[in-house]
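As structure tokens, the structure follows; a few thoughts come after it.
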Amino acid sequence: MKFPVFFVMFFLFLICFTTAQTLIQDSCKKAAAKDPLFKYDFCVQSLETDPHSKAATNLKGLLIASTKNAESNTIKVKKIVVKILMDKKASHGIELPLRDCIKLYTDGKDYLN
């Protein structure tokens, strides 16, 4: 009796995974068709490596997942810039551009939120 349950669960999982993968590929393909600067391969790779994107079942879920992923990456980059700014070995000539960078990443995080 356990075998049929396992079999059904396996196929349900497989269908969900295939649906998410198709959703990602179709969404990236449509976006790339609208903008020649848009990179299809980068889009697919970014979304397929994000567990939340892989779990998306519709475009809204994919949008929410990709926004959270972008917000997370923004926070990581901002921390790197702050670390560079606090490094005493850094050139004094880069302080203003780094502060601008921090401001822009802070604004970007707020917009994504």
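With mature numbering (1 follows the signal peptide of the UniProt record, and there is no 0) applied, the sequence shown covers -20 to -1, 1 to 93.
All residues carry an ideal CB built from backbone N, CA and C; glycine is no exception.
Using a Cβ distance threshold of 8 Å, residue 32 and residue 48 count as a contacting pair.
Around the C-beta of residue 80, fewer than 16 other C-beta atoms lie within 10 Å, and the residue is accordingly described as exposed. The residues 51, in chain order, have a CB closer than 7 Å to that of residue 93 in the same chain once the five nearest residues on each side in sequence are set aside.
In the assembly as shown, residue 45 is a buried residue. Its beta-carbon has 16 or more other beta-carbons within 10 Å. Collapsing the DSSP output to three states places residue 71 in coil. With distances taken between CA atoms, residue 27 lies nearest to 41 out of 41, 17, 14 and 16.
For residue 5, the closest of 17, 39, 90 and 60 by C-alpha to C-alpha distance is 39.
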